[in-house]
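Visitor: For the sequence shown, our numbering begins at 362 and goes up steadily by one. We treat Cβ as the ideally placed atom computed from N, Cα and C, and that holds for glycine. In this text, all values refer to a predicted model and were calculated from it rather than measured experimentally. To start, I am sharing the structure in question, which I have written as structure tokens.
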Amino acid sequence: MDRFLVKRALGGLVGKREQEHTGGGPTELRETEEGTRKRLRRETPGHGGDLSGLRWRHIRSEGLDCDYTVLFGKAEADEIFHELEQEVEYFTGALAKVQVFGKWHSVPRKQATYGDTGLTYTFSGLTLSPKPWIQVLERVRDRVSLVTGQTFNFVLVNRYKDGRDHIGEHRDDERELAPGSPIASVSFGACRDFFFRHKDSRGRNPARNVEVVRLQLAHGSLLMMNPPTNSHWYHSLPVRKKILAPRVNLTFRKILPTRK
Ligand SMILES: O=C(O)CCC(=O)C(=O)O
């Protein structure tokens, strides 16, 4: 979400940060569902065993910490995908364009943002509010929270109509993310390749040769991108011309208001 900058929260969520806990010691949380969260943390990736019934794949490299699972079975994933296709309202007009070296281009995918009331962010130089949550997005968000113990106040929706639509290599801007918070990426529709490239291994003459981490994000899958992944690694969804089917990706985030 390199093009988004959260500017100011107008609602009651400002400053109400949870204390995130990624180590093995005790956790202090002020939320009402404190007990549930603690239990889930014990059950979820990076926190010991897995009592949720999900099979997690732990993906680790230098400064990269990700966990992958198939969160929704086919029938439920199909239903959610269908609902997303019906309900999500994507940006149009100037918001569907990007300026590169002074020239305007169409973004090679469709995008939309939804989130808590009162959040605002900047996008293409404009201050915007995310649309209020809709049921299908809440359903996915709440399932992710249930299995990870993490909460989210914002989601970026990316829709790729086919394999020509893509997203270039980028990092999500850490200034707008709550410190220590992961990004939860949930995918529906066509299975697509997804790459992580280390920041020292980019360009023609990279400083180092750290191996690219290649994943495939399946229908109904969840990829947790845990800190410090986003500080050290760029990610991308490359063009795959043979893929003709659409895909919708949801990246749930916990974003902070920017102080004035
Ligand atoms: O579609 C995807 O899997 C990637 C989306 C992404 O990179 C992002 O939202 O920052």
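Under the assumption that Leu517 contacts Thr483 (Cβ atoms under 8 Å), give the Cβ distance between them as a whole number of angstroms.
Guide: Actually they do not touch by this definition, with Cβ atoms about 14 Å apart.
Visitor: What does DSSP give as the partner residue(s) for Pro630 in the beta ladder?
Guide: Because residue 630 is not part of the residues shown, which for the chain are 362 to 621, the question remains open.
Visitor: Using 10 angstroms around the beta-carbon of Phe462, count the other beta-carbons present and answer buried if the total reaches 16, otherwise exposed.
Guide: Exposed, since its Cβ has fewer than 16 Cβ neighbours within 10 Å.
Visitor: Would Arg553 and Arg470 be called neighbours here (beta carbons separated by less than 7 Å)?
Guide: For Arg553 and Arg470, no; Cβs fall outside 7 Å.
Visitor: Under 6 Å from any heavy atom of ligand 2, does the C-beta of Leu583 make it?
Guide: With respect to ligand 2, the structure shown offers nothing to examine, as its ligands consist of ligand 1.
Visitor: In this structure, does DSSP put Leu507 in helix, strand or coil?
Guide: Correct three-state label for Leu507: helix.
Visitor: What I want to know is whether the C-beta of Ala591 ends up closer than 6 Å to one or more non-hydrogen atoms of ligand 1.
Guide: This sequence places Asn at residue 591; Ala is not what is there. Checking every heavy atom of ligand 1 against the Cβ of Asn591, none is found closer than 6 Å.
Visitor: Can you tell me whether Asp534 sits near ligand 1, meaning its C-beta is under 6 Å from at least one heavy atom of the ligand?
Guide: Because no heavy atom of ligand 1 lies under 6 Å away, the Cβ of Asp534 does not count as near it: no.
Visitor: Do you know whose CA, among Tyr451, Phe555, Lys615 and Met586, lies nearest His419's CA?
Guide: Closest option to His419, Cα to Cα, is Met586.
Visitor: Between Lys615 and the rest of its own chain, which residues show a CB-CB distance below 6 Å, the 5 nearest in sequence each way excluded?
Guide: For Lys615, where only same-chain residues beyond five positions count, the Cβ hits under 6 Å are Phe513, Asn514, Ala539 and Ser542.
Visitor: Does the beta carbon of Asn570 fall short of 6 Å from some heavy atom of ligand 1?
Guide: The answer is no for Asn570.
Visitor: Okay, do the stretch 486-501 and the stretch 573-582 touch, 3+ Cβ pairs below 8 Å being the bar?
Guide: Because the criterion of three Cβ pairs below 8 Å is not met, the stretch 486-501 and the stretch 573-582 do not touch.
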